[in-house]
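Have a look at the structure below before the remarks.
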Amino acid sequence: MKLRMSLPERPGWIFVIPGFDFVALLLALVMLTGVVAQESFVEIKLPPSEFRGVRLGDENPVVVLLKSTSKGPTYYIGGAKVAEENLAGVIFEMADKRGTKAVAIKVDRDASMSERQVLINIITGLEGGFRIFEGHRRELPPKDGS
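Under numbering that gives the first Met the number 0, the residue at position 30 of the sequence shown is numbered 29, and the numbers go up by one with no gaps.
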């Protein structure tokens, strides 16, 4: 007794039908992810808190980077190294160019409190009542693991 197929010997394109389902599913996923991606940004306004920093907004502060080295503190403004004697003048000039009374200081994690305080004293000694925003910068470990 021989087994017989219920379909004719040459079924034709009947085996392609699952492929059409797969293509339709792929198109549906692409279309849905496009809609979701457009609405993925949500603005969250948190209530004021004493533990959260103040946003700088449009103040465009002068950024002073204090880095501690073996030779003593090193100051950078706009990526350029500045000597401690010229620091007050450069800060004043940059603030005048930007039209701001805000100075943001980034203190390297290796800098001591006395080096930080010297920088703050220089800024507060300037005429014009500059506001100081403070941030801390940490050195990232080398990528090669050493």
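From the three backbone atoms N, C-alpha and C, an ideal C-beta is built for every residue, glycine too.
Residues that residue i bridges to, as DSSP identifies them
i: residue 100; result: According to DSSP, which records beta bridges pairwise, residue 100 is partnered with nothing at all.
i: residue 133; result: 104
i: residue 76; result: 63, 79
Delimiting residues of the alpha helix (DSSP H) encompassing residue i
i: residue 13; result: Where residue 13 is concerned, there is no enclosing alpha helix (DSSP H), given that its DSSP letter is neither H nor E.
i: residue 64; result: From DSSP, residue 64 is part of no alpha helix (DSSP H) but of the beta strand (DSSP E) over 61 to 68.
i: residue 120; result: 112 to 123
For residue i, the first and last residue of its enclosing beta strand (DSSP E)
i: residue 43; result: Counting along the chain, residue 43 falls outside any beta strand (DSSP E), and DSSP gives it neither H nor E.
i: residue 80; result: 79 to 81
Cβ distance (whole Å) where residue i is taken to contact residue j below 8 Å
i: residue 130; j: residue 100; result: 6 Å
Spatial distance of residue i from residue j (CA atoms)
i: residue 15; j: residue 22; result: 11 Å
i: residue 114; j: residue 85; result: 16 Å
i: residue 13; j: residue 19; result: 11 Å
i: residue 134; j: residue 32; result: 39 Å
i: residue 68; j: residue 45; result: 39 Å
i: residue 103; j: residue 128; result: 14 Å
Secondary structure of residue i, DSSP reduced to three states
i: residue 71; result: strand
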